[in-house]
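Peer 1: Positions 4 to 252 (our numbering) are the ones given, in order, by the sequence shown.
A virtual CB, placed ideally from N, CA and C, is assigned to each residue, including glycine.
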Amino acid sequence: MSKLAGKIAVVTGASKGIGASIAEHLAKDGASVVVNYSSSQKGADAVVERITKAGGKAIAVQADVSKEADAVRLFAETKKAYGKLDILINNAGVYEMLPLEATTPDHFHKQFDVNVLGLLLATREAAKLMGEGSTILNISSIVGRTASPGGSVYSATKAAVDSLTDSLSRELGPRKIRVNSLNPGLIVTEGVQSAGYMENGFSQQVEAGTPFGRLGKPDDIARAAVFFASDDSAWVTGQTLVASGGARV
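#1: Considering only residues of the region 95 to 120, which uninterrupted beta strand (DSSP E) runs meet the minimum length of 3 residues and lie entirely inside it, listed in chain order?
#2: Between N186 and I139, is the Cβ-Cβ spacing less than 8 angstroms?
#3: Would T168 and V182 be called neighbours here (beta carbons separated by less than 8 angstroms)?
#4: Can you give me the C-alpha to C-alpha distance between K60 and E27, rounded to a whole angstrom?
#5: Give a single yes or no on whether I62 has its beta carbon closer than 7 angstroms to a heavy atom of the ligand COA.
#6: When the Cα of A253 is compared with those of G33, V64, L77 and S69, which residue comes out closest?
#7: Pull up the CB-CB distance for L101 and H110, whole angstroms please, since I reckon it's below 8 angstroms.
#8: Count the other CB atoms within 10 Å of the CB of G249; is the residue buried (16 or more) or exposed (fewer)?
#9: Measuring straight from C-alpha to C-alpha, what distance separates K131 and A47?
#10: For the candidate residues V68, D235, G86 and Y85, whose alpha-carbon lies nearest to that of N94?
#11: Whose CA, out of S155, E193, I62 and A74, lies closest to the CA of T107?
#12: Hey, how far is the Cα of W238 from the Cα of A232?
#13: List the DSSP bridge partners of T126.
#14: Who are the Cβ neighbours of I21 in its own chain at under 8 angstroms, not counting the five residues just before and after it?
#15: So the candidates are S18, G219 and S166; which of them puts its Cα closest to the Cα of V50?
#16: Using a 10 Å radius around the Cβ and a threshold of 16 neighbouring Cβ atoms, would you call E128 buried or exposed?
#17: How would you write the range of the beta strand (DSSP E) that V51 sits in, first residue to last?
#18: Going straight from the alpha carbon of Y40 to that of A12, what length do you get?
#19: Would DSSP call Q242 helix, strand or coil?
#20: For Q114, collect the residues of the same chain with a Cβ closer than 7 angstroms to its Cβ; drop the 5 residues on either side in sequence, then sort them by chain order.
#21: When the Cα atoms are used, what is the spatial distance from T15 to S35?
#22: Who does K60 pair with in a DSSP beta bridge?
#23: With a 10 Å radius around its C-beta and 16 neighbouring C-beta atoms as the bar for buried, classify T81 as buried or exposed.
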């Protein structure tokens, strides 16, 4: 029997990259999945198609989780489709690297609104549908601990995510809802490639510092996410797992 059979999951920002892989792995293990997207309906529909063709269950729901009305609607649609919620993967996020002299309020709010406020709004609405044994996983980043030059705002958002994980685990613990954080290292995704991180020797530098001798793949993170989504992690909450292949930024 699949370890997530009968479970309902919402994965935010799941139209591509890590989120898409997590959605597909959750479905493979038996969960019915809400594939959330902000702008890429084509990408989300493709994820749903792959899941359903493989025999799984999934629907796509558009919502910008940084907007309160959208976050409320996302979980209203989840309730309408499935009646409950067992798993929330807070994966939606944006990043933009700028040096200090180029940092603006817009640069700050663009990232904090999605990466931090969006996570809080999604968690608030998800918790209304969750019962005992439910689980929330926040996708953070290794840069929350080991920031790099030019990434002060993005790194600050991910440090905030890890702090929120601790706080929310204590707040939701009495309801027997687990809250954990997963910190990926450099993962080869469409976003990483379009941002230029595979150029100028950066990726090679990270790869050289990885004991496994390779960069991460979305599947590497998705498999860890399944652990946190399943009852295998029933005694784990308020924790942050670094999944970077041993690399240090």
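Peer 2: The answer reads as follows:
#1: none
#2: As a first step, residue 186 must be located in the sequence shown, where it is residue number 183. As a first step, residue 139 must be located in the sequence shown, where it is residue number 136. Contact annotation: N186 and I139 have beta-carbon atoms that are not nearer than 8 angstroms.
#3: Mapped onto the sequence shown, residue 168 falls at position 165. Mapped onto the sequence shown, residue 182 falls at position 179. In this structure, V182 lies closer than 8 angstroms to T168 by Cβ.
#4: Position 57 of the sequence shown, counted from the first residue, corresponds to residue 60. Position 24 of the sequence shown, counted from the first residue, corresponds to residue 27. Between K60 and E27, the C-alpha separation is close to 10 angstroms.
#5: The model on display carries no ligand, and the ligand COA is accordingly not part of it.
#6: Since the first residue of the chain shown is 4 and the last is 252, residue 253 is not available in this structure.
#7: Your numbering for residue 101 matches position 98 in the sequence shown. Your numbering for residue 110 matches position 107 in the sequence shown. Indeed, because the Cβ distance is near 6 angstroms, the residues count as touching under 8 angstroms.
#8: Here the question's residue 249 lines up with position 246 in the sequence shown. Classification of G249: exposed, given that the 10 Å Cβ count is below 16.
#9: Start at 1 with the first residue of the sequence shown, and residue 131 comes out as number 128. Start at 1 with the first residue of the sequence shown, and residue 47 comes out as number 44. Rounded to whole angstroms, K131 to A47 spans 25 angstroms at the Cα level.
#10: As a first step, residue 94 is located in the sequence shown; it is residue number 91 there, counting from the start. Residue V68 is the option with its Cα nearest to N94.
#11: Position 104 of the sequence shown holds residue 107. Among S155, E193, I62 and A74, the Cα nearest to that of T107 is on S155.
#12: Along the sequence shown, one-based indexing puts residue 238 at 235. Along the sequence shown, one-based indexing puts residue 232 at 229. If I take the Cα positions, the gap works out to 12 angstroms.
#13: Position 123 of the sequence shown, counting from 1, holds the residue named residue 126. Partner(s): none; T126 has no beta bridge.
#14: Here residue 21 refers to the residue found at position 18 of the sequence shown. In chain order, N94, I142, P187, I190, T192, P221, I224 and A225 place their CB closer than 8 angstroms to the CB of I21, counting only its own chain and leaving out the 5 sequence neighbours on each side.
#15: Looking up residue 50 in the sequence shown gives position 47. If we check each option's Cα against that of V50, S18 comes out closest.
#16: As a working note, residue 128 is residue 125 in the sequence shown. With 16 or more Cβ atoms within 10 Å of its Cβ, E128 is classed as buried.
#17: Taking the sequence shown and counting its residues from 1, one reaches residue 51 at position 48. Looking at the DSSP string, V51 is not in any beta strand (DSSP E); the run it does join, the alpha helix (DSSP H), is Q44 to K56.
#18: Taking the first residue of the sequence shown as position 1, residue 40 is located at position 37. Taking the first residue of the sequence shown as position 1, residue 12 is located at position 9. Cα to Cα, the separation comes out at about 14 angstroms.
#19: By 1-based counting over the sequence shown, the position of residue 242 is 239. Coil, per DSSP.
#20: Residue mapping note: residue 114 aligns to position 111 of the sequence shown, counting from 1. In its chain, beyond the 5 residues on either side, V97, Y98, E99, V156, Y157 and T160 have a beta carbon closer than 7 angstroms to the beta carbon of Q114.
#21: The count along the sequence shown starts at 1 and reaches residue 15 at position 12. The count along the sequence shown starts at 1 and reaches residue 35 at position 32. Each residue's Cα considered, the two are about 14 angstroms apart.
#22: Counted from its first residue, the sequence shown places residue 60 at position 57. Looking at the DSSP output, K60 shares a beta bridge with S35.
#23: As a first step, residue 81 is located in the sequence shown; it is residue number 78 there, counting from the start. Result: buried.
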